[in-house]
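Colleague:
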């Protein structure tokens with residue numbers, strides 16, 4: 050793997066994306082109907098429950114964000130296959146630009162009846178992010194959810210205790226660090242959302258612009 054592609058795996062980029070992930074979870078919960086749009090496990094469970102109860106309307110309600118999440122994965126892969134060899138822009142930067150555009154639009158959609166559409170849009174955004182940014186320094190990470198990071202970090206901590214291999218301790222700190230910044234993002238999200246309601250999501254646009262700039266800067270540095 051060349052350096053150009055590794056620029057998307059830096060820890061500082063992971064930190065920024067984790068902050069966005071935590072922020073969006075807090076945002077959708079506080080401002081968009083008390084839902085968590087980042088991960089789909091809850092929606093899948095509720096889909097199954099409503100199917101069992103024969104509630105077609107609610108089944109469709111929970112199915113749509115699941116499909117939006119899946120669509121985000123597909124589109125991310127299409128963008129990757131089309132632009133992965135581009136010399137002008139990294140394909141993951143295109144993903145970030147799409148995230149910024151969607152979240153910017155979301156910031157001007159009033160809370161209320163449009164929350165369902167907003168949550169679908171955020172599910173789509175989060176799926177693109179989790180599909181496109183899956184590693185930090187070669188290790189599997191997630192920036193929109195924490196369960197896998199918690200499992201991997203704890204596993205590496207156990208291995209470090211057993212072997213005293215400092216590389217495993219380093220990985221542990223990275224995994225737990227991403228979790229801490231996700232929590233920080235959620236805390237910031239709660240504070241900002243309580244102040245600015247639906248427009249608070251524009252904060253994520255700023256963070257993503259910084260992430261975009263970091264990737265551009267690192268690409269230039271790696272070419273020098």
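Numbering (my numbering), first residue to last: 50 to 273.
The C-beta atom is built at its ideal place from N, Cα and C for all residues, glycine as well.
Given residue 153, which residues of its chain have a CB within under 6 Å of its CB, disregarding the five upstream and five downstream residues?
Modeller: In the chain shown, residue 153 corresponds to position 104, counting from 1. 254.
Colleague: DSSP state of residue 65, grouped into three classes?
Modeller: By 1-based counting over the chain shown, the position of residue 65 is 16. Looking at residue 65 - three-state DSSP - the assignment turns out to be helix.
Colleague: Give the DSSP-derived three-state secondary structure of residue 57 in the structure shown.
Modeller: Here residue 57 is taken as the residue at index 8 of the chain shown, counted from 1. It is helical.
Colleague: Can you list, in chain order, the residues of its chain with a C-beta nearer than 6 Å to that of residue 218? Leave out the 5 residues immediately preceding and following it.
Modeller: Here residue 218 refers to the residue found at position 169 of the chain shown. Here the set comprises 209.
Colleague: What three-state label does DSSP hand residue 104 in the structure shown?
Modeller: As a first step, residue 104 is located in the chain shown; it is residue number 55 there, counting from the start. Note: residue 104 maps to coil in three-state DSSP.
Colleague: Closest Cβ-Cβ distance between residue 85 and chain B: below 8 Å?
Modeller: Reference to chain B is not applicable here, since this structure consists of a single protein chain.
Colleague: Between residue 167 and residue 213, what straight-line distance do the alpha-carbon atoms span, to the nearest angstrom?
Modeller: One-based indexing of the chain shown puts residue 167 at position 118. One-based indexing of the chain shown puts residue 213 at position 164. Whole-angstrom Cα-Cα distance: 47 Å.
Colleague: Apply the 10 Å Cβ neighbour rule to residue 186 and answer buried if 16 or more other Cβ atoms are within range, or exposed otherwise.
Modeller: The count along the chain shown starts at 1 and reaches residue 186 at position 137. Residue 186 is exposed by the Cβ-count criterion.
Colleague: Going by DSSP, what residue range makes up the alpha helix (DSSP H) through residue 237?
Modeller: What you label residue 237 is simply residue 188 of the chain shown in a count that begins at 1. 215-245 is the span of the alpha helix (DSSP H), which, as asked, contains residue 237.
Colleague: Alpha carbon to alpha carbon, how far is residue 211 from residue 127? Give it in angstroms, no decimals.
Modeller: The count along the chain shown starts at 1 and reaches residue 127 at position 78. The count along the chain shown starts at 1 and reaches residue 211 at position 162. Roughly 43 Å between the two C-alpha positions.
Colleague: Could you pull out every residue in the same chain whose Cβ sits closer than 6 Å to the Cβ of residue 195, ignoring the five residues on either side in sequence?
Modeller: As a position in the chain shown, residue 195 is number 146, starting the count at 1. Closer than 6 Å at Cβ, skipping near neighbours: 228, 231.
Colleague: When the Cβ atoms of the stretch 132-146 are set against those of the stretch 109-117, are three or more pairs found closer than 8 Å?
Modeller: In short, these stretches do not touch, since the Cβ pair count stays below three.
Colleague: Measuring CA to CA, which of 143, 156, 139 is closest to residue 245?
Modeller: Within the chain shown, residue 245 is the residue found at index 196, counting from 1. Out of 143, 156, 139, 156 has the C-alpha closest to the C-alpha of residue 245.
Colleague: Which of helix, strand or coil does DSSP assign to residue 84?
Modeller: On the chain shown, position 35 is the one that residue 84 refers to. Reduced to three states, the DSSP call for residue 84 is coil.
Colleague: Do residue 73 and residue 260 count as a contact pair if the criterion is CB distance below 8 Å?
Modeller: Numbered from 1 along the chain shown, position 211 holds the residue referred to as residue 260. Numbered from 1 along the chain shown, position 24 holds the residue referred to as residue 73. No; because the gap between Cβ atoms is not below 8 Å, this pair is not in contact.
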